[in-house]
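To keep things clear, I will list the structure first and then write my remarks on it.
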Amino acid sequence: MAQDKPKLKLAVYWGAACGGCCVSVLDVHEKLLDILAHADLVFWPIALDIKYKDVEEMPDGSIDITLFNGAVRNSENEHMAHVLRQKSKILIAYGSCAYLGGIPGLANFSTREELLRRVYEESESLDNPQKIHPQPSTEVSEGHLHIPSFYNDVLTLGQVVDVDYYIPGCPPQSERLVEVFMDIVSGKDLPPKGSVIGASIRVQCDECKRKKSDKKGITRFYRPWEVTDDGETCLNEQGILCMGPATRAGCGVRCVEGNAPCRGCYGPLDGIGDAGARILSAIASMLDGKEPEEISRATDSIVDPAGTFYRFSLPGSKLRRKVS
Amino acid sequence: MPVNEEARVGFYICHCGHNIANMVDVTAVAEYAAKLPNVVLSRDYKYMCSDPGQEMIAKDVEVFKLNRIVVASCSPLLHENTFRTATSKAGINQFYFQMVNIRENASWVHEDKEMATLKAKDLVRAAISRVVFHKALEKKKVPVNPDVLIVGGGISGISAALTIANAGKKVYLVEKEPTIGGYMAKFDKTFPTLDCAACILTPKMSAVLKHPGITLLSYSEVSAVDGYVGNYHVKVTRKPRYIIEEKCVGCFACIDACIFKEAKFSDEFNEGLSKRKPVYIPFPQATPQVVLIDDKTCIHFKTGKCPQTCAKACDRNAFDFDQKPVVQELEVGTILLCTGFQPFDAARAPYYGYGRYSNVYTSLEVERLVNASGPTGGHVVLRDKSKPKSIGIIHCVGSRDEKTNKWCSRVCCMYSLKLAHLLKEHTDAEIYNFYIDMRTPGKGYEEFYDKLLNEGVHFIRGRVAEVSDWAINDHEKGKLVIRVEDTLIGMVRRIPVDMVVLAVGIEPGKDAQDIRRMFNISCSNEGFFLERHPKLAPVETFTDGIYIAGACQGPRDIPDSVAQAGAAAAQALALIDSGFVELEPNTAFITEELCCGCQVCINMCPYHAITFDDGKGKSHINEALCKGCGTCVAACGSGAITQNLFEDQQILSEIYGLLVE
Chain D
477 MAQDKPKLKL AVYWGAACGG CCVSVLDVHE KLLDILAHAD LVFWPIALDI KYKDVEEMPD
537 GSIDITLFNG AVRNSENEHM AHVLRQKSKI LIAYGSCAYL GGIPGLANFS TREELLRRVY
597 EESESLDNPQ KIHPQPSTEV SEGHLHIPSF YNDVLTLGQV VDVDYYIPGC PPQSERLVEV
657 FMDIVSGKDL PPKGSVIGAS IRVQCDECKR KKSDKKGITR FYRPWEVTDD GETCLNEQGI
717 LCMGPATRAG CGVRCVEGNA PCRGCYGPLD GIGDAGARIL SAIASMLDGK EPEEISRATD
777 SIVDPAGTFY RFSLPGSKLR RKVS
Chain A
3 MPVNEEARVG FYICHCGHNI ANMVDVTAVA EYAAKLPNVV LSRDYKYMCS DPGQEMIAKD
63 VEVFKLNRIV VASCSPLLHE NTFRTATSKA GINQFYFQMV NIRENASWVH EDKEMATLKA
123 KDLVRAAISR VVFHKALEKK KVPVNPDVLI VGGGISGISA ALTIANAGKK VYLVEKEPTI
183 GGYMAKFDKT FPTLDCAACI LTPKMSAVLK HPGITLLSYS EVSAVDGYVG NYHVKVTRKP
243 RYIIEEKCVG CFACIDACIF KEAKFSDEFN EGLSKRKPVY IPFPQATPQV VLIDDKTCIH
303 FKTGKCPQTC AKACDRNAFD FDQKPVVQEL EVGTILLCTG FQPFDAARAP YYGYGRYSNV
363 YTSLEVERLV NASGPTGGHV VLRDKSKPKS IGIIHCVGSR DEKTNKWCSR VCCMYSLKLA
423 HLLKEHTDAE IYNFYIDMRT PGKGYEEFYD KLLNEGVHFI RGRVAEVSDW AINDHEKGKL
483 VIRVEDTLIG MVRRIPVDMV VLAVGIEPGK DAQDIRRMFN ISCSNEGFFL ERHPKLAPVE
543 TFTDGIYIAG ACQGPRDIPD SVAQAGAAAA QALALIDSGF VELEPNTAFI TEELCCGCQV
603 CINMCPYHAI TFDDGKGKSH INEALCKGCG TCVAACGSGA ITQNLFEDQQ ILSEIYGLLV
663 E
């Protein structure tokens, strides 16, 4: 492939993440070759052995695009967020965790102390009679040992550094990444800074092919295994809690196409401050019943409502965290 | 604090004489506001609502090029319109104005000046952060449908219907009972003039029936209400009488021919003191003069095996046993609710023995007993047919009582005096009135009390503790003993009587809450419908175009009900004759680009303003039907619905302003 432009420099980094976002980059399959035709990967801990100090020594702004996945939940994540911001021309919050806090963000329903106590004192598989907690700094015979300090709050990337774009998804659909990348390479006009890219401006229902009516009439909720989905009616109308009505489209309605309810990983639409509150009020509006008892019966059948409605968005929402 | 570069806010704080200035440091608030972002000018002034106050806004707009106005003063209910008009006169769109209520929300409710001032600052900051995101909006004019719906055909509804119809407007009068007349039709005489209730009421009832401008829908109930001021859409369910109303002439041949030779079923109109047949008319002057069949007691409906002697006796073929409830749809511009009250259920005061002792009666039962067309033809005889020689009338049953209803029912003192007079007249018995306080304010009322004092009726001041048949001496044997502390002589007395009359109070009707919800109006603590203002808007409600009159708003007697009905009629007529209403532009609209067609919003809309466009796959809000409740805005998962005056950015900025200094 002929090159008249110098190759772009591309970095991929993970904060508090599961690794799924990095895998989604690999999931572009042979398209990775197209990307590599236009870009050199200069930093990608999951795939390349490049140390932090190598990155720190790069000139400021020398990386063209950084895909930062994962939330910011400790001092290491935050340090690298600042470093990569400084070194990158375009910093993209890649995936639900970097965008809104994601699954790790659910930790904001607990305090740091509660989390450490659970993990280091109460966990069923634990053998820690001395109740030792990890310390940021420890004295050993070889000298000082440092590990990153663990924050009380899980933060989104945007809460820590200035972010140019957000690509939602847990993980983002790989095709969307290729599209975004090719747009950048081909010099298309980029959307305004701060935009969510690689996704629709409308919610899942817009692309969902299931039959929808104005009669939602939910009297109770079922977990997917409790009912037989008819395969064609709106899942919410069948009482299967689906986040589609308040979740941005862009994934191709993948979960619902696979007969599973949308979990909400693409987050809310533009201008919606609190994704959880938005889906909560949308779902509440579908309930049947006028008497408080009828409504309670329906809402009581929602398992873990806070975790369900804020599954991917707690740190990035107005609610942000549990007040300890 | 959120900033809009183009906004130039003029801020004014009103002293409201001492009302605000005594508890809020208005100068400090004005100085504070002057430093807030976007604020170009900040002033305090003695009376912002005065003409000089309003003119000051206009002058400042010109000099300082203001484009947003915030006034911190009293309640928007009182003066929002004043300042919107002032803003508009100054050449700015009136919706660039925001009002802060620091009187009801700060000065009047606090006793710590420093804290009240701090709170006023917070509220002001919230309004200023909000107003910069306001948008220019226009009020919309909508014509008023001149037809009127009146719900309830008691004396209030009847009076209002005649007044409005006489003004040349079309009236639909809906009454749930088979006849109009309400409670007044059951009364014998009216206080204090002792006019015969039927003599003054029945001409009005037949006037209603004959009036070309009034459509009487008796035995009907409103089942749904849609729309908004000037344009209400009402569904009325007409219950089946099993008689074709237009054919029946009220000859009552069917009643005589009923398979039941004897009347067997409790007669509601006579408070159960007599019996009626399954085919019946509530009372001889019932309006309309149309019989009806009670399908719960009629043999035909119970077994299907009745020879239908009633129908055979009808020479007009007026019977139709297959009648079903029919829904009639009405379009009206204004609605008057005259749905009345229910009498306190005496069984809720068990210490007075109602239901246990056959000689304990409610006042309404006694109204029927003294009535010439009542169950005994006007002879006051007890259930054992004996004539009472002594009668005790207990006031305030279910009124002025922590255990039941706290309020004074206003009519019981006077009707008790009336009943005392009538009972004395009919029986010449010894009559005792047991009262807490005699409340007789009203034209000729105190004089009536005076008259009774001279008629030999006994008055004992004290709340009766108990009515029992427990005799402690021969003198009490076979009698009902009223035990009471006579507070004027300071001792407990036992008064044996043959008959006890319980002066039951007035309370909200059992369906008042359903009615309230259907018509979207509020009620006060006790459940009576809430007026817009207790002094200055006593017949208006918080829902424009819906008025209240009579005892549904609170206990009141006939003269007050009629006066209130007149007032409500006048309010309705004023609205009708103004020809149009201005609608607050707080309507919601859908950004089609964002709408995903999920249709969650459609069923949420209480006003049926949202429809689904199948072609486009998008929902659409009919602005004329939208009342700005905001329910759909919350329901929309896409955030595709925006409500004017309540946009997310406006509300969030207001909250931000409130919380963050």
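If you're matching them up, the sequences are chains D and A in order. For the first sequence, the numbering used here assigns the number 477 to the initial residue and increments by one for each residue that follows. For the second sequence, the numbering used here assigns the number 3 to the initial residue and increments by one for each residue that follows. Virtual Cβ for every residue (Gly too), placed ideally from N, Cα, C.
- CA-to-CA distance, V362(A) to G355(A), given in whole angstroms: In the second sequence, residue 355(A) corresponds to position 353, counting from 1. In the second sequence, residue 362(A) corresponds to position 360, counting from 1. So the two alpha carbons sit approximately 7 Å from each other.
- Where A758(D) sits in the DSSP three-state scheme: Along the first sequence, one-based indexing puts residue 758(D) at 282. In the structure shown, A758(D) sits in a helix (DSSP, three-state: H, G or I).
- Would you tell me roughly how many angstroms separate the C-alpha atoms of D476(A) and P498(A), rounded to the nearest one? Taking the second sequence and counting its residues from 1, one reaches residue 476(A) at position 474. Taking the second sequence and counting its residues from 1, one reaches residue 498(A) at position 496. Their Cα atoms are separated by approximately 11 Å.
- Task: Please classify W472(A): does DSSP put it in a helix, a strand, or coil?
- Result: Within the second sequence, numbered from 1, the residue matching residue 472(A) stands at position 470. Here W472(A) sits in coil by DSSP.
- Taking L763(D) as the reference, give the member of G715(D), L790(D), T723(D) with the closest Cα. Taking the first residue of the first sequence as 1, we reach residue 763(D) at position 287. Cα-wise, what sits closest to L763(D) is G715(D).
- Query: Nearest-angstrom Cα distance between G641(A) and L647(A)?
  - Reply: Counting from 1 along the second sequence, the entry for residue 641(A) is found at position 639. Counting from 1 along the second sequence, the entry for residue 647(A) is found at position 645. Near 16 Å, if we compare the C-alpha coordinates of L647(A) and G641(A).
- Query: Exposed or buried, which one is M416(A) when buried takes at least 16 other CB atoms within 10 Å?
  - Reply: For the purposes of this step, residue 416(A) is taken as residue 414 along the second sequence, with counting starting at 1. By the neighbour-count rule (16 or more Cβ atoms within 10 Å), M416(A) is buried.
- Task: For L745(D), return the contacting residues in chain A, with the cut-off set at a CB-CB distance below 7 Å.
- Result: For the purposes of this step, residue 745(D) is identified with residue 269 of the first sequence, where counting begins at 1. L596, S640, G641, listed in chain order.
- Residues of chain D with CB under 9 Å from I462(A), in chain order? Here residue 462(A) is taken as the residue at index 460 of the second sequence, counted from 1. Per Cβ cutoff of 9 Å: no residues; I462(A) is ~47 Å from chain D at best.
- Item | Enclosing alpha helix (DSSP H) for H555(D) [first to last residue] | Along the first sequence, read from residue 1 onward, the residue named residue 555(D) stands at position 79. Element bounds for H555(D): 551 to 563.
- Query: Does L795(D) come within less than 8 Å of chain A when only Cβ atoms are used?
  - Reply: Stepping through the first sequence from its first residue, residue 795(D) is reached at position 319. So no, L795(D) is outside the interface.
- Item | Option in G578(D), L745(D), N735(D) with minimal Cα separation from R686(D) | One-based indexing of the first sequence puts residue 686(D) at position 210. Per the Cα distances, N735(D).
- Of all the CB atoms in chain A, is at least one closer than 8 Å to the CB of V679(D)? Locating residue 679(D) in the first sequence gives position 203, where the first residue counts as 1. It does: the Cβ of V679(D) has a partner Cβ on chain A nearer than 8 Å.
- Item | Collapsed DSSP secondary structure at F626(D) in the structure displayed | Residue mapping note: residue 626(D) aligns to position 150 of the first sequence, counting from 1. Assigned with DSSP and collapsed to three states, F626(D) falls in strand.
- So is A118(A) in contact with chain D if we call contact Cβ pairs under 8 Å? As a working mapping, residue 118(A) is identified with position 116 in the second sequence. False, the Cβ-Cβ gap to chain D never drops below 8 Å.
- Determine the DSSP secondary structure at F321(A), reduced to helix, strand or coil. What you label residue 321(A) is simply residue 319 of the second sequence in a count that begins at 1. F321(A): strand per DSSP, three-state reduction.
- Do you know how far the Cα of S586(D) is from the Cα of I657(A)? Locating residue 657(A) in the second sequence gives position 655, counting from the first residue. Locating residue 586(D) in the first sequence gives position 110, counting from the first residue. Whole-angstrom Cα-Cα distance: 26 Å.
- Query: Out of curiosity, what's the CA-to-CA distance linking I560(A) and L366(A)?
  - Reply: Along the second sequence, one-based indexing puts residue 560(A) at 558. Along the second sequence, one-based indexing puts residue 366(A) at 364. Each residue's Cα considered, the two are about 15 Å apart.
- Message: Let's test the definition: count the other Cβ atoms within 10 Å of the Cβ of L661(A) and tell me whether it reaches 16, buried, or not, exposed.
- Response: Position 659 of the second sequence, counted from the start, is the residue given in the question as residue 661(A). Residue environment: L661(A) is assigned as exposed (fewer than 16 neighbouring CB atoms within 10 Å of its CB, all protein chains considered).
- Query: Exposed or buried, A478(D), counting other C-beta atoms within 10 Å across all chains shown (16 or more means buried)?
  - Reply: The residue you call residue 478(D) lines up with position 2 of the first sequence. Because A478(D) sits at a pLDDT of 49, beneath the cut-off of 50, its placement in the model cannot be relied upon, and the point is left open.
- Query: Looking at A315(A) and V245(A), is the spacing between their C-beta atoms short of 8 Å?
  - Reply: Counted from its first residue, the second sequence places residue 245(A) at position 243. Counted from its first residue, the second sequence places residue 315(A) at position 313. In the sequence as displayed, the identity of residue 245(A) is Ile instead of Val. No, these two residues do not count as a Cβ contact at 8 Å.
- Task: Compare the C-beta of A675(D) against all C-beta atoms of chain A and say whether one is closer than 8 Å.
- Result: As a working note, residue 675(D) is residue 199 in the first sequence. Not an interface residue.
- Query: From Y234(A) to T613(A), what does the alpha carbon distance come to, in whole angstroms?
  - Reply: Taking the second sequence and counting its residues from 1, one reaches residue 234(A) at position 232. Taking the second sequence and counting its residues from 1, one reaches residue 613(A) at position 611. Cα to Cα, Y234(A) sits roughly 19 Å from T613(A).
- Message: Please list, in chain order, the residues of the stretch 605 to 616 of chain A that have any C-beta partner in chain D closer than 7 Å.
- Response: N605, M606, F614
- Query: For the putative contact between Y596(D) and N604(D), defined by C-beta atoms under 8 Å, what is the C-beta separation to the nearest angstrom?
  - Reply: By 1-based counting over the first sequence, the position of residue 596(D) is 120. By 1-based counting over the first sequence, the position of residue 604(D) is 128. Y596(D) to N604(D), Cβ: 6 Å. Contact.
- Below 8 Å between beta carbons: does that hold for K263(A) and D269(A)? Numbered from its first residue, the second sequence carries residue 263(A) at position 261. Numbered from its first residue, the second sequence carries residue 269(A) at position 267. The answer is no: Cβ separation not under 8 Å.
- Got a sec, what are the start and stop residues for the beta strand (DSSP E) Q344(A) sits in? Within the second sequence, numbered from 1, the residue matching residue 344(A) stands at position 342. Taken as a continuous stretch (DSSP letters only), the beta strand (DSSP E) holding Q344(A) covers 343 to 345.
- Item | Proximal residues of chain A, C-beta to C-beta of A758(D) below 9 Å | As a first step, residue 758(D) is located in the first sequence; it is residue number 282 there, counting from the start. Residues of chain A passing the Cβ test: C600, V602, A636, A637, C638, G639, S640.
- Query: Which value, in whole angstroms, describes the spacing of the CA atoms of L419(A) and H397(A)?
  - Reply: Indexing the second sequence from 1 puts residue 419(A) at position 417. Indexing the second sequence from 1 puts residue 397(A) at position 395. One C-alpha to the other measures close to 10 Å.
- Own chain, CB closer than 6 Å to A88(A), minus 5 neighbours either side, in chain order: As a working mapping, residue 88(A) is identified with position 86 in the second sequence. Closer than 6 Å at Cβ, skipping near neighbours: Q56, I59.
- Identify whether M477(D) lies in helix, strand or coil by the three-state DSSP scheme. Translated into positions along the first sequence, residue 477(D) becomes position 1. Only weak support exists for where M477(D) lies, its pLDDT of 47 falling under 50; the value from the coordinates is given anyway. Of the three classes helix, strand and coil, the one that applies to M477(D) here is coil, per DSSP.
- Task: Check whether the Cβ atoms of G446(A) and G154(A) lie closer than 8 Å to each other.
- Result: The residue labelled residue 446(A) in the question sits at position 444 within the second sequence. The residue labelled residue 154(A) in the question sits at position 152 within the second sequence. Cβ distance not < 8 Å, so G446(A) and G154(A) don't count as in contact.
- Mind listing the chain A neighbours of S671(D)? Cutoff is C-beta to C-beta under 7 Å, in chain order. Counting from 1 along the first sequence, the entry for residue 671(D) is found at position 195. Going along chain A, no residue has its Cβ under 7 Å from S671(D), so there is no contact; the nearest lies around 15 Å.
- Message: Please classify H302(A) as buried or exposed, where buried requires at least 16 neighbouring CB atoms within 10 angstroms.
- Response: For the purposes of this step, residue 302(A) is taken as residue 300 along the second sequence, with counting starting at 1. H302(A) should be labelled buried.
- Task: Please check the pair V637(D) and A492(D), which I expect to be a contact at CB under 8 Å, by giving their CB distance rounded to whole angstroms.
- Result: Taking the first sequence and counting its residues from 1, one reaches residue 637(D) at position 161. Taking the first sequence and counting its residues from 1, one reaches residue 492(D) at position 16. Rounded, the Cβ-Cβ distance is 15 Å, inconsistent with contact.
- Item | For E16(A), the residue or residues it bridges with in DSSP | Locating residue 16(A) in the second sequence gives position 14, where the first residue counts as 1. Residue identity differs from the one stated: residue 16(A) is Cys in this sequence, not Glu. For C16(A), which the question treats as bridged, DSSP gives the partners Y47(A).
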